[in-house]
Each structure stands twice: as C-alpha cells, then as structure tokens.
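Be aware that the sequence shown starts at 6, since it is given in our numbering, and climbs by one per residue.
By construction, the Cβ of each residue, glycine as well, lies at the ideal position given by its N, Cα and C atoms.
Encoded as structure tokens, the structure appears first; notes follow it.
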Amino acid sequence: QRAPLPPEMEPCLSRFASSMDSDHEAEGFQTLGTFVLNTAADEDAADLSILIQSIATSCKYIANCVRKVGLAKPQLAGKAGNTNVQGEAQEKLDVIAHEVFVKFLDQSRRCTVLVSEEKEEIIRCQPSPNGRYVCVFDPLDGSSNIVCAVSIGSIFGIYRAAERGVHRDGDTLQPGRDMVAAGYCMYGSSCNFVLTVGGQVNGFTLDSSLGEFVLTHPNITVPPSGSIYSINEGNSPWWELGMAKYVEHVKRKEAPHSSRYIGSMVADVHRTLLYGGTFSYPADARHAAGKLRLLYECYPMAFVMEAAGGRASDGARRILDIQPEHIHQRAPIHMGSVQDVKEIER
Numbered sequence: 006q007r008a009p010l011p012p013e014m015e016p017c018l019s020r021f022a023s024s025m026d027s028d029h030e031a032e033g034f035q036t037l038g039t040f041v042l043n044t045a046a047d048e049d050a051a052d053l054s055i056l057i058q059s060i061a062t063s064c065k066y067i068a069n070c071v072r073k074v075g076l077a078k079p080q081l082a083g084k085a086g087n088t089n090v091q092g093e094a095q096e097k098l099d100v101i102a103h104e105v106f107v108k109f110l111d112q113s114r115r116c117t118v119l120v121s122e123e124k125e126e127i128i129r130c131q132p133s134p135n136g137r138y139v140c141v142f143d144p145l146d147g148s149s150n151i152v153c154a155v156s157i158g159s160i161f162g163i164y165r166a167a168e169r170g171v172h173r174d175g176d177t178l179q180p181g182r183d184m185v186a187a188g189y190c191m192y193g194s195s196c197n198f199v200l201t202v203g204g205q206v207n208g209f210t211l212d213s214s215l216g217e218f219v220l221t222h223p224n225i226t227v228p229p230s231g232s233i234y235s236i237n238e239g240n241s242p243w244w245e246l247g248m249a250k251y252v253e254h255v256k257r258k259e260a261p262h263s264s265r266y267i268g269s270m271v272a273d274v275h276r277t278l279l280y281g282g283t284f285s286y287p288a289d290a291r292h293a294a295g296k297l298r299l300l301y302e303c304y305p306m307a308f309v310m311e312a313a314g315g316r317a318s319d320g321a322r323r324i325l326d327i328q329p330e331h332i333h334q335r336a337p338i339h340m341g342s343v344q345d346v347k348e349i350e351r
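Structure follows, in structure tokens:
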C-alpha cells in the first residue's frame, strides 16, 4: 500500500490540483484552430484555419525533434553535410524542418506554391481547386544554436494566390503589406506560437497534455518605447557611421539602454515584441544589401511587429512596402518600438 503524504504536502498538492483545473479558465480555453475560425474573414475562415493548423502541426513536430536533440539523437544533431542556397552549412534539423513544412503544407491542399529558405527554387504544390494561398517560410531560424539549447524558431508568412488553384511563380513576389497572416513559433522553455491575422497579434502556448496550442497572450502590443537594443555588436567595425552613432548614443543616455542579443531572430524579436526596444540587423561594409532574407524573415516579422503597434524599416523606408525582385533577396532591418525605430531612422 502506498504511504500517505506528509501533512505538510497536502496544501501544496491541493493548490497544484486547483491550478490544473483552472489552467485555461481565464482565456476560455481557446485553441489556435478555434481562434482562427472566429477571427478570419468569413470567406477565408475555413481555408485559412486549415492552412494555419497545418503550419502549427509542423511546428509541433519540429518542437518534438528539438527536444530530442538534447538526448544526443544522432539522426537529429549535427551537420547534414550540405549547404543551402545561401551557402550556409545545413544542420540535420534544418533539412528535417524543411521537409516537414513542405509535407504538411502540401497535404493541406490550400497552397499553390511555397518558398523555403532551404530550397533554391519555388516549390509547387499538388494541384487543388482549394489552393488559394502562397506560403513563405524559414523552417528553422537560428539552427546554429541547436546543440547549446538556445531558443530557436520557425517563421512563416501567408499571401493570397492571384487565382484559386493556379500555380503562378509571380505570386511569390508580393510585397509584405499584402500578406493575410504571418507569425512564428519559438522552441524554448515553452513552445510559443505567435500569429497575426485579422489585425491583431496573439500568442499561443503548446499545452503538452492536450497537444494543442492554447491562447495565452491575447492582443499583444509592443510598448511605444523600450530600454533594450538587440544587435550583433561583433559586426560594429563594418557598420555605417549612423548605426555606430546610434548604438553609442543609447549606451550613454542618462538612462542607458541594455544590450540583449541571442543570435536567433525569433527569440530576439519575441523579446522585443513583449518588452519593447529595438532589434536590428543593419547593412554593413561586408553585406551592403543586408543579411536577413526579405521574403521569409523580414516580411513576416515586420508584419507581426506592425500589427502589434510597432515599426519596421530598412532605415529609410517601410520594410513591408519594398517590392521584392527575387525570392531569396536580402534586406537590412530595424524593428520594434515606434519611438526607438524612428530614432534609428533619423
């Protein structure tokens, strides 16, 4: 027979059970799928919900793989032995994440074409009369941080196709302002899915007991100003003078800004979204066109940031207004609190 609990443990157990019962009461226990159905425009609700659920399923699969890397699974950890279109060495999990996204998006029958960071060419989905969207994605951002267990993530953006069920390569070269939804999933101490659709930004957390993303951060808004700047200062010898002056200025203010840089765009932008301040990856003498990819990194994150009341620019113009010329185009970017980004632009 099991030994009884010590008397001092009974209040703790009672509080724990109570908290489990009320975990989702405050938000009405709203799942991601239900939320999208209730939020998207009537004509889009069902199709968009199916597509976003396919993305969420991809993210759940990837989250599970990320957790297993820490157990030294040889099929998941380490280099794949290949390079992607950018000339970057691929991690095994980069390849797996790409294949997972393509599989679930294709099976959704809601996409005509896809663009992935890991694939040089446009990916054409199976023909379907229900195909009305174009999806662009970075399947695993920050993958160089996998082994040291730093937060990494997936980024995605969704556009409407010009014609339902028709493959048009030109549909992938729409400016960011034309997206209908965008977001990211962060794999860290918890698995967080942040989505903008219908003009708001909402955050969902994966409840492992349910296997569902549950609404935990409704209507996220970025503070109008912040006290954190996020930039890779190791690149400072190659910065343009204006960028160097800005960073020096915020360091020497009466209330100096703090520097926080993880090296994973998803994690750095997520913190900026919640706490305010800026995230920057500027052009420099070595990368005159910028380093981050416009279509599937800058656009989706800028779309999220603006929907939350923030600002995103390349230093001179709104990121979402840039007309892309090719699918792997790069761009400099500054995003975050409106007041702080405007200060960089000056």
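Are Asp212 and Val206 closer than 8 angstroms when you measure CB to CB?
Their beta carbons are not under 8 angstroms apart, which means Asp212 does not touch Val206 by this criterion.
Cβ neighbour criterion (16 or more within 10 Å) applied to Asn197:
Buried: at least 16 other Cβ atoms inside 10 Å.
For Ala283: DSSP bridge partner residues
The identity of residue 283 in the sequence shown is Thr, whereas the question assumes Ala. Looking at the DSSP output, Thr283 shares a beta bridge with Tyr234 and Gly341.
Would DSSP call Thr62 helix, strand or coil?
DSSP places Thr62 in helix when its eight states are reduced to three.
By how many angstroms is the C-alpha of Val252 removed from the C-alpha of Asp183?
Taking the straight line joining both Cα atoms gives about 32 angstroms.
Indicate whether Ala336 and Leu297 have their beta-carbon atoms separated by less than 8 angstroms.
In this structure, the beta-carbon distance from Ala336 to Leu297 falls below 8 angstroms.
Between the Cα of Val185 and the Cα atoms of Asn69, Glu48 and Ser63, which residue gives the shortest distance?
Closest by C-alpha distance to Val185, out of Asn69, Glu48 and Ser63, is Glu48.
Spatial neighbours of Asn135 within its chain, please: CB distance less than 8 angstroms, with the 5 preceding and 5 following residues excluded, ordered by chain position.
The answer, listed in chain order, is Asp52, Arg114, Arg115, Arg169 and Gly170.
Here's a check: name, in chain order, each residue in its chain whose Cβ is nearer than 6 angstroms to the Cβ of Leu325, leaving out the five neighbours to either side.
The residues are Gly181, Arg182 and Ala307.
For Phe161, does the three-state DSSP call read helix, strand or coil?
Phe161 sits in a strand when the DSSP states are folded into three classes.
My output table needs one value for Ile327: the three-state DSSP class, helix, strand or coil.
The DSSP-derived three-state label of Ile327 is coil.
Per DSSP, what are the beta-bridge partners of Phe209 in this structure?
Beta-bridge pairing links Phe209 to Phe198 and Leu220.
Three-state class that DSSP yields for Glu302 in the structure shown:
Of the three classes helix, strand and coil, the one that applies to Glu302 here is helix, per DSSP.
Return helix, strand or coil for Arg351, following the three-state DSSP convention.
In this structure, Arg351 counts as coil in the three-state DSSP scheme.
Report yes if the C-beta of Ile127 is less than 7 angstroms from at least one heavy atom of the ligand NAD; otherwise report no.
Among the ligands in the structure shown, none appear at all, so the ligand NAD cannot be discussed.
Could you name the residues of the same chain whose beta carbon sits closer than 6 angstroms to that of Asn224, not counting the 5 residues immediately before and after it, in chain order?
Non-local C-beta neighbours of Asn224 in its own chain, meaning closer than 6 angstroms and more than five positions away in sequence, comprise Gln205, ordered along the chain.
Look at Asp353 and Ala167 and say whether their C-beta atoms are less than 8 angstroms apart.
Missing from the structure shown is residue 353; the chain here goes from 6 to 351 and no further.
What do you get for Glu96, buried or exposed, if any count of 16 or more other CB atoms within 10 angstroms of its CB means buried?
Here Glu96 is buried, its C-beta having at least 16 other C-beta atoms within 10 Å.
Whether or not the region 304 to 323 and the region 108 to 127 are in contact is what I'm after, with contact meaning three or more pairs of Cβ atoms, one per stretch, closer than 8 angstroms; do they touch?
When C-beta atoms of the region 108 to 127 are compared with those of the region 304 to 323, fewer than three pairs fall below 8 angstroms, so the two segments do not count as touching.
Could you give the distance in angstroms between the alpha-carbon of Leu37 and the alpha-carbon of Thr221?
A straight line joining the alpha-carbon of Leu37 with that of Thr221 spans about 10 angstroms.
Between the Cα of His262 and those of Ser241, Ile236, Val271 and Cys153, spot the shortest distance and give me the residue it belongs to.
Nearest C-alpha to His262: Ile236.
Confirm, please, whether the CB-CB distance from Gly162 to Tyr304 is below 8 angstroms.
In contact: Tyr304 and Gly162 (Cβ atoms closer than 8 angstroms).
Classify Ile67 as helix, strand or coil using the three-state DSSP reduction.
Helix.
Since I believe Val199 is in contact with Gly208 (beta carbons under 8 angstroms), could you give me their beta-carbon distance rounded to a whole number of angstroms?
Right, their Cβ atoms sit about 5 angstroms apart.
How long is the line joining the alpha carbons of Lys65 and Glu245, rounded to whole angstroms?
Answer to the nearest angstrom: the Cα atoms are 40 angstroms apart.
For Asp111, collect the residues of the same chain with a Cβ closer than 7 angstroms to its Cβ; drop the 5 residues on either side in sequence, then sort them by chain order.
Beyond the five residues adjoining it in sequence on each side, Asp111 comes within less than 7 angstroms, by CB distance, of Cys130 and Gln131 in the same chain, given in chain order.
N-terminal and C-terminal residue of the alpha helix (DSSP H) that Leu37 is part of:
Counting along the chain, the alpha helix (DSSP H) containing Leu37 begins and ends at Leu37 to Thr44.
Please report the distance separating the alpha-carbon of His275 from that of Ser156.
Approximately 11 angstroms, taken between the alpha carbons.
Mind checking which residues open and close the alpha helix (DSSP H) that includes Phe142?
Premise fails: Phe142 lies in the beta strand (DSSP E), Tyr138 to Asp146, not in any alpha helix (DSSP H).
Please name the residue or residues paired with Ser318 in a DSSP beta bridge.
Arg323 and His339, per the DSSP bridge assignment.
CA-to-CA distance, Ile55 to Val139, given in whole angstroms:
Near 14 angstroms, if we compare the C-alpha coordinates of Ile55 and Val139.
Ignore the nearest five residues each way along the sequence and tell me which others in Lys347's own chain have a CB closer than 8 angstroms to its CB.
Within the same chain, Lys347 has close Cβ partners Arg316.
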